[in-house]
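Residue numbers (this note's numbering): 336 to 972.
Ideal Cβ positions, reconstructed from N, Cα and C, are used throughout, including at glycine.
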Amino acid sequence: MSTLINIDNGGTLTDICVWDGDGFTFTKTLTTPHDLSECLFAGIEKVSASLYGEADTERLLHATQHIRYSTTQGTNALVERRGPMIGVLTTLPELETALRKSEAEQELFDDLVGDRVLTLDPDATAEEVEFEVVQRVNRLTTLGAARVVVAGSSPEEEQRLRTVLLRKFPRHLLGSIPLIYSWDLAGDREDARRVWSCILNSFLHPTMERFLYGAERRLKEYRVSNPLLVYRNDGASSRVAKSVALKTYSSGPRGGLEGTAALARAYGLSRVVMMDIGGTTTDVGVVEGEQVDVQERGAIKGVPISYPMSNVHSRGVGGSSVIAVEGGRITVGPQSVGAAPGPACFGFGGKQATITDVNLLLGVLDADTYLDGTFRLDAARSRAVITETVAEPLGISLEEALVRMEQAYFQAVSAAFADQVDGDTTLAAFGGAGPMSATGAARPAGVRKVLVPRSAAVFSALGISFSDVGKTYEVGVSEPTTASATATYRDLLARAERDMFQEGYALADCTADWELIVEDVDGSQLHRAPYVEGSPADHPGHFASLRLTVTAPLSQPDLVPDEPVDPVPAPVAGTREVRSAVDRVDTVPVHVLEQLSPGHAGDGPAIVEGPFFTARVLPGWSFRVTAAGDLVLDDLS
336 MSTLINIDNG
346 GTLTDICVWD
356 GDGFTFTKTL
366 TTPHDLSECL
376 FAGIEKVSAS
386 LYGEADTERL
396 LHATQHIRYS
406 TTQGTNALVE
416 RRGPMIGVLT
426 TLPELETALR
436 KSEAEQELFD
446 DLVGDRVLTL
456 DPDATAEEVE
466 FEVVQRVNRL
476 TTLGAARVVV
486 AGSSPEEEQR
496 LRTVLLRKFP
506 RHLLGSIPLI
516 YSWDLAGDRE
526 DARRVWSCIL
536 NSFLHPTMER
546 FLYGAERRLK
556 EYRVSNPLLV
566 YRNDGASSRV
576 AKSVALKTYS
586 SGPRGGLEGT
596 AALARAYGLS
606 RVVMMDIGGT
616 TTDVGVVEGE
626 QVDVQERGAI
636 KGVPISYPMS
646 NVHSRGVGGS
656 SVIAVEGGRI
666 TVGPQSVGAA
676 PGPACFGFGG
686 KQATITDVNL
696 LLGVLDADTY
706 LDGTFRLDAA
716 RSRAVITETV
726 AEPLGISLEE
736 ALVRMEQAYF
746 QAVSAAFADQ
756 VDGDTTLAAF
766 GGAGPMSATG
776 AARPAGVRKV
786 LVPRSAAVFS
796 ALGISFSDVG
806 KTYEVGVSEP
816 TTASATATYR
826 DLLARAERDM
836 FQEGYALADC
846 TADWELIVED
856 VDGSQLHRAP
866 YVEGSPADHP
876 GHFASLRLTV
886 TAPLSQPDLV
896 PDEPVDPVPA
906 PVAGTREVRS
916 AVDRVDTVPV
926 HVLEQLSPGH
936 AGDGPAIVEG
946 PFFTARVLPG
956 WSFRVTAAGD
966 LVLDDLS
């Protein structure tokens, strides 16, 4: 079983990409927010039909080694504040102040925690602590806390609290009020960062748990023995039961970044900005020197966390973002109509305009070929909605509204990545809506080269192909001494051996990278170096941690490197009438990417129809098909 299924679940569309060891097969399906397992299995059935000539879900599942799954559901839950109320029980007297330092932290704290923070006296006697613990936990539950974060100044202090809580609130009585101990989740000595990690993890956990375990149960109905793997924001995958909810946040964009890094290696590009436009957001990240840009301590919505995270920024600009009129001007996003009701042209009852509606009426999209002809768009609905919500409020014609809406969208997308452009930067444009807006957004940002991968529509799902099964641990050393580091090393080795066995791999068959990290009392990093058992670790007056990354390799694709190909004119499959100005409609050649070969080239204006995407080549731009079958667009102005 060498087949690997990669799934990237977005707010509007879900992408499925299958790697069989020789090549990729992929498809897209509408996301079903009422039941995410429905679109997951609908996508697997759809891609099985592409592989075998007829739908055979069971055959594909039984040929599959792993299903790697990435989802935006955690991201969406946080945006919509859809999760449990969190309580905090702590012995840190200034913790609430530390958790509310910035405006972003204050806003998130008020929404997730509010007044549900109670403090214990760290100097109280054992008897006083037992009494106070009962009183405060009861108070937190009365205030509505559905999950409680327990935060002490050290692992030992939390262990003492754990002993009391287990005795006073046995698991079968506490029941629906799970407790999470901050030092269990992260070995970070910076208290606010560690506790924020626990608060966010507690908030995201129920959403992820319900769906992922439900998907696992449905897989068992097909007698699938291999586990569903969760793709994480650190670029690795693990079983559902061994995954931390916080690490699923923004995991889809990390897949896109891993794919972008593979493109950078194949094309020899020094700096690439990723622009992944889906239905709801534009995700932006940077690959420099063929390496993904990663923050040692990440942040979510401006709130610091203890884990490393890829440096991805998201803007509320996507193919389903609402384009409206506010204060006499056209606005784009961040509200989105998602997949339900979706853009007006979907015919599901959408009453707000989107760029999908605009491009349909401009002539960029063909109503009959959208999503490779599997979904027909309704131009009449788009016309009615744009007239009502944009043209009439501004007192302009429909034609002028379309042109101004398109320009507003280009500017909004360009603003999402313009600050990441530095020198000779290539823009990698993908996602279902990325290629359509790439040239329009690139020029205002100063980008002169755009790379559109052949698999652009599902590129984040394809990027998951470059991941392995892995675990990362960071554990504080009790004392910054060689002996203490050695003891921590042995404990961590035993833990990793157990965890990888549960993942289905022997530790001896995995690669293990060890690092010793030395920090100052304020949590700032002073020293970081490879570690082997017994290495000197004496750093008086500082704090030391061991970080272990264990990786079990999976088969990964090799992208075709870029090679010079003699240019020849690209064959034209047809034409399309595309509005370029209020009073001008151009007859634009249409090229079908599947019918083009390496070396085929042309100049804008042109449209290139790829599998599940439409690439727009504006006037002043050229395009060529590379040796790998990707599109390179160059600004000739």
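Out of curiosity, what's the CA-to-CA distance linking Glu631 and Met644? Position 296 of the sequence shown, counting from 1, holds the residue named residue 631. Position 309 of the sequence shown, counting from 1, holds the residue named residue 644. Answer to the nearest angstrom: the Cα atoms are 7 Å apart.
Less than 8 Å between the CB atoms is what I'm expecting for Ser655 and Pro669, so what's the real figure, rounded? Walking along the sequence shown from the start, residue 655 turns up at place 320. Walking along the sequence shown from the start, residue 669 turns up at place 334. Not confirmed; about 11 Å, so no contact.
Does the stretch 866-873 touch the stretch 806-822, meaning 3 or more C-beta pairs lie closer than 8 Å? With a cut-off of 8 Å, the stretch 866-873 and the stretch 806-822 count as touching, because enough Cβ pairs lie within range.
Is the stretch 555-573 in contact with the stretch 598-616, if contact means three or more CB pairs nearer than 8 Å? With the cut-off at 8 Å, the stretch 555-573 and the stretch 598-616 do not touch.
Counted within 10 angstroms of its Cβ, other Cβ atoms place Gly346 as buried (16 or more) or exposed: Here residue 346 refers to the residue found at position 11 when the sequence shown is read from its first residue. Taking every protein chain shown into account, the CB of Gly346 has 16 or more other CB atoms within 10 angstroms, so this residue is buried.
In the structure shown, what three-state DSSP assignment does Pro678 receive? The residue you call residue 678 lines up with position 343 of the sequence shown. The answer is coil: DSSP assigns Pro678 none of H, G, I, E or B.
Three-way DSSP call (helix, strand, coil) for Arg574 in this model: Locating residue 574 in the sequence shown gives position 239, counting from the first residue. When DSSP states are grouped into helix, strand and coil, Arg574 belongs to the strand group.
Please work out which residues of its chain come closer than 8 Å, Cβ to Cβ, to Ala820, disregarding the five sequence neighbours upstream and downstream, and give them in chain order. What you label residue 820 is simply residue 485 of the sequence shown in a count that begins at 1. Closer than 8 Å at Cβ, skipping near neighbours: Val812, Leu851, Tyr866, Ser870, Ala872, Ala879 and Leu881.
Asn411 in three-state terms, based on DSSP: For the purposes of this step, residue 411 is identified with residue 76 of the sequence shown, where counting begins at 1. DSSP, read as helix, strand or coil, puts Asn411 in helix.
Option in Ala719, Glu462, Ala674 and Arg830 with minimal Cα separation from Ala847: For the purposes of this step, residue 847 is taken as residue 512 along the sequence shown, with counting starting at 1. Of the candidates Ala719, Glu462, Ala674 and Arg830, the residue whose Cα lies closest to the Cα of Ala847 is Arg830.
Three-state secondary structure (DSSP) at Asn646? Along the sequence shown, one-based indexing puts residue 646 at 311. In the structure shown, Asn646 sits in coil (DSSP, three-state: anything other than H, G, I, E or B).
Are Arg716 and Cys680 touching if we call contact CB-CB under 7 Å? Numbered from 1 along the sequence shown, position 381 holds the residue referred to as residue 716. Numbered from 1 along the sequence shown, position 345 holds the residue referred to as residue 680. Cβ atoms of Arg716 and Cys680: closer than 7 Å.
Alpha carbon to alpha carbon, how far is Ile342 from Val660? Give it in angstroms, no decimals. In the sequence shown, the residue the question calls residue 660 occupies position 325. In the sequence shown, the residue the question calls residue 342 occupies position 7. Rounded to whole angstroms, Val660 to Ile342 spans 36 Å at the Cα level.
Start-to-end residues for the alpha helix (DSSP H) that takes in Tyr744: Here the question's residue 744 lines up with position 409 in the sequence shown. Following the DSSP letters along the chain, one finds Tyr744 inside the alpha helix (DSSP H) bounded by residues Leu733 to Phe752.
Thr426 vs Leu455 beta-carbon contact at 7 Å: In the sequence shown, counting from the first residue as 1, residue 426 sits at position 91. In the sequence shown, counting from the first residue as 1, residue 455 sits at position 120. Yes; because the gap between Cβ atoms is below 7 Å, this pair is in contact.
What number of angstroms, rounded off, separates the C-alpha of Gly955 from the C-alpha of Thr961? Numbered from 1 along the sequence shown, position 620 holds the residue referred to as residue 955. Numbered from 1 along the sequence shown, position 626 holds the residue referred to as residue 961. Counting only the Cα atoms, Thr961 lies some 20 Å from Gly955.
Closest to Ala780 by C-alpha separation, out of Asp759, Ser800, Ser795 and Gly766, would be which residue? Within the sequence shown, numbered from 1, the residue matching residue 780 stands at position 445. Out of Asp759, Ser800, Ser795 and Gly766, Asp759 has the C-alpha closest to the C-alpha of Ala780.
At what residues does the beta strand (DSSP E) containing Met420 begin and finish? Mapped onto the sequence shown, residue 420 falls at position 85. Per DSSP, Met420 belongs to no beta strand (DSSP E) and is neither H nor E.
Taking all protein chains shown into account, decide if Gly909 is buried (16 or more other Cβ within 10 angstroms of its Cβ) or exposed. Position 574 of the sequence shown, counted from the first residue, corresponds to residue 909. So Gly909 counts as exposed.
Going by other Cβ atoms of all chains shown within 10 Å of its Cβ, with 16 needed for buried, is Asn473 buried or exposed? As a position in the sequence shown, residue 473 is number 138, starting the count at 1. Result: exposed.
Ordered list of beta strand (DSSP E) runs contained in the stretch 797-880, each at least 3 residues: 804-811, 846-854 and 860-865
Report yes if the CB atom of Pro902 is closer than 7 Å to the CB atom of Ala936, and no otherwise. Locating residue 902 in the sequence shown gives position 567, counting from the first residue. Locating residue 936 in the sequence shown gives position 601, counting from the first residue. Yes, Cβ-Cβ distance for Pro902 and Ala936 is below 7 Å.
Mapping DSSP to helix, strand and coil, what is Asp969? Translated into the one-based positions of the sequence shown, residue 969 becomes position 634. Reduced to three states, the DSSP call for Asp969 is strand.
Using 8 Å as the threshold, is the stretch 624-638 in touch with the stretch 688-707, meaning 3 or more CB pairs across them? no
Residues that Val913 bridges to, as DSSP identifies them: The residue you call residue 913 lines up with position 578 of the sequence shown. According to DSSP, which records beta bridges pairwise, Val913 is partnered with Asp921.
Collapsed DSSP secondary structure at Gln494 in the structure displayed: Counting from 1 along the sequence shown, the entry for residue 494 is found at position 159. Reduced to three states, the DSSP call for Gln494 is helix.
In the DSSP assignment, what residue or residues form a beta bridge with Gln630? The sequence position of residue 630 within the sequence shown is 295, counting from 1. Gln630 pairs with Met644.
Give a yes or no on whether 7 Å exceeds the smallest Cβ distance from Met644 to chain D. Checking the listed chains, one finds no chain D in this structure; it contains a single protein chain.
Does the distance from the C-beta atom of Tyr808 to that of Leu827 stay below 7 Å? Position 473 of the sequence shown, counted from the first residue, corresponds to residue 808. Position 492 of the sequence shown, counted from the first residue, corresponds to residue 827. Yes.
CB Val321 to CB Ala743, shorter than 7 Å? Only positions 336 to 972 of the chain appear in this structure, which leaves residue 321 out of reach.
At least 3 beta-carbon pairs within less than 8 Å: the stretch 358-377 vs the stretch 429-436: no
Throw me the rounded Cβ distance for the Leu535 and Ile640 pair, which I believe falls under 8 Å. Counting from 1 along the sequence shown, the entry for residue 535 is found at position 200. Counting from 1 along the sequence shown, the entry for residue 640 is found at position 305. So it is a contact: roughly 7 Å between Cβ atoms.
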